[in-house]
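Numbering (my numbering), first residue to last: 1 to 208.
Each residue gets a CB set at the ideal place from its N, CA and C atoms; glycine is no exception.
Structure first, commentary second.
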């Protein structure tokens with residue numbers, strides 16, 4: 001094989017390795033879920049009418065938060081609650097969410113580095129070859145980190161009788177990074193063991 005063929009083969013192999021590293025999407029981790037339960041609430045779990053609203057101080061923009069509010073409403077309906085307007089609701093479900101994108105530390109060296117060297121001698125010619133490829137692989141390692149919180153409050157007294165908190169990190173290239181899919185997965189995890197044990201934190205696996 002001549003030098004030109006060797007050079008081409010190295011370029012193709014190196015590029016394939018770099019692209020493979022960039023396109024691999026890690027599997028989603030579990031959703032971390034914590035419940036806070038008022039013991040008296042266990043007697044009426046799954047009963048009554050509710051209205052979903054934005055919790056005071058919610059950080060997420062209204063348009064994006066709507067997906068999480070909708071997912072929470074769906075879970076409550078599946079548990080036996082009846083959705084209604086605010087005036088006729090016995091329960092207020094207050095929803096808040098916050099989502100950020102985090103990046104890994106910038107690597108000091110590129111993902112691929114290839115070098116071939118040779119010296120000139122009496123019976124041969126010198127060869128020098130260097131390849132450096134950096135395709136911005138860090139982008140594929142970014143994660144969307146989301147926190148979801150739901151409080152169920154008595155509409156008349158305003159007292160909170162149940163609260164759930166969920167945390168979820170997923171690669172930005174995963175289907176679960178989009179707000180609708182992310183909201184559905186997190187709400188499902190949050191209410192899967194409803195009402196749960198007071199103060200207990202569990203990890204719930206999700207599937208893409």
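Residue 99, buried or exposed, once every other Cβ within 10 Å from all chains shown has been counted against 16 = Sequence index remark: in the chain shown, residue 99 carries index 99 (1-based). Counting Cβ neighbours within 10 Å, residue 99 comes out buried, since at least 16 surround it.
message = Using the Cβ count rule (16 or more neighbours within 10 Å means buried), how would you classify residue 47?
response = By one-based count along the chain shown, residue 47 stands at place 47. Per the 10 Å Cβ criterion, exposed.
inquiry  = Taking the beta carbon of residue 197 as the centre, do at least 16 other beta carbons fall within 10 Å, making it buried, or is it exposed?
reply    = The residue you call residue 197 lines up with position 197 of the chain shown. Classification for residue 197: exposed.
query = In whole angstroms, what is the alpha-carbon distance linking residue 101 and residue 38?
reply = For the purposes of this step, residue 101 is identified with residue 101 of the chain shown, where counting begins at 1. For the purposes of this step, residue 38 is identified with residue 38 of the chain shown, where counting begins at 1. About 34 Å.
message = Any heavy atom of the ligand SAM closer than 7 Å to the beta-carbon of residue 208?
response = In the structure on display, the ligand SAM does not appear, and there are no ligands present to speak of.
key: Contained beta strand (DSSP E) runs [length at least 3] in the region 166-200, N- to C-terminal order   = none
Beta-ladder partner(s) of residue 151, from DSSP = Locating residue 151 in the chain shown gives position 151, counting from the first residue. According to DSSP, which records beta bridges pairwise, residue 151 is partnered with 94, 163.
ask   = Which partner residues does residue 32 have in the DSSP bridge list?
value = Position 32 of the chain shown, counting from 1, holds the residue named residue 32. According to DSSP, residue 32 bridges with 167, 203.
query = Roughly how many angstroms separate the alpha carbons of residue 93 and residue 63, rounded to a whole number?
reply = Counting from 1 along the chain shown, the entry for residue 93 is found at position 93. Counting from 1 along the chain shown, the entry for residue 63 is found at position 63. When rounded, the distance between both Cα atoms is 18 Å.
key: Whole runs of the alpha helix (DSSP H) within the region 22-84, excluding any shorter than 4 residues   = 62-79
message = Report the CB separation of residue 25 from residue 173 in whole angstroms; it is logged as a contact under 8 Å.
response = Taking the first residue of the chain shown as 1, we reach residue 25 at position 25. Taking the first residue of the chain shown as 1, we reach residue 173 at position 173. Yes, they are in contact, since the Cβ atoms of residue 25 and residue 173 sit about 5 Å apart, within 8 Å.
query = Taking the alpha carbon of residue 145 as the point to measure from, which residue in 170, 161, 157, 164 has its own alpha carbon closest?
reply = The count along the chain shown starts at 1 and reaches residue 145 at position 145. Nearest option by C-alpha distance: 170.
task = Using three-state DSSP, classify residue 140 as helix, strand or coil.
result = Counting from one through the chain shown, the residue named residue 140 turns up at place 140. In the structure shown, residue 140 sits in a helix (DSSP, three-state: H, G or I).
ask   = Nearest to residue 55 by CA position, among 65, 96, 71, is which residue?
value = The sequence position of residue 55 within the chain shown is 55, counting from 1. Checked all of 65, 96, 71; the closest Cα to residue 55 is 96.
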